[in-house]
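Notes follow the structure.
Residue numbers (the working numbering): 266 to 390.
Structure representation (structure tokens):
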């Protein structure tokens, strides 16, 4: 209860929690809702959890830098992420930013996202 109270008030307090507690979804969720960047201190298993990462990102898009690389390379996850917060695309895996099909889906949802894609795709009529 002490750790939950702490992270609910200051998400960064997660860094002081015992390693085992950093794998507890309830605690990490409370921490990332208060400060998305608390994802940095979450157990790797929770950095791979799409719901946890989207929750952190909604609070602070920069928290995506702490997400598992596999999520940042996952086409569906990144499409969901950019629909929530368009700036999420700047954290996408570089291969996705060269993927024509992914680019088409993303820019159909938000044309401004074109600026994040590889130059070759920006030249594609």
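Don't be surprised by glycine CBs; every beta carbon is placed ideally from N, CA and C.
Item, Value
"For the alpha helix (DSSP H) holding residue 294, just list the boundary residues, first then last.", "290-299"
"Any idea if residue 328 is buried or exposed, counting beta-carbon neighbours within 10 angstroms, 16 or more meaning buried?", "buried"
"Given a cut-off of 9 Å, decide if residue 319 and residue 339 are closer than it, judged by their beta-carbon atoms.", "no"
"Smallest Cα separation from residue 353: which of 332, 366 and 293?", "332"
"Which whole-angstrom value describes the C-beta separation of residue 299 and residue 275, a residue pair presumed to lie in contact below a C-beta threshold of 8 Å?", "7 Å"
"Would you tell me roughly how many angstroms separate the C-alpha atoms of residue 369 and residue 358, rounded to the nearest one?", "16 Å"
"With a threshold of 16 other CB atoms inside 10 Å of the CB of residue 301, please say whether the residue is buried or exposed.", "buried"
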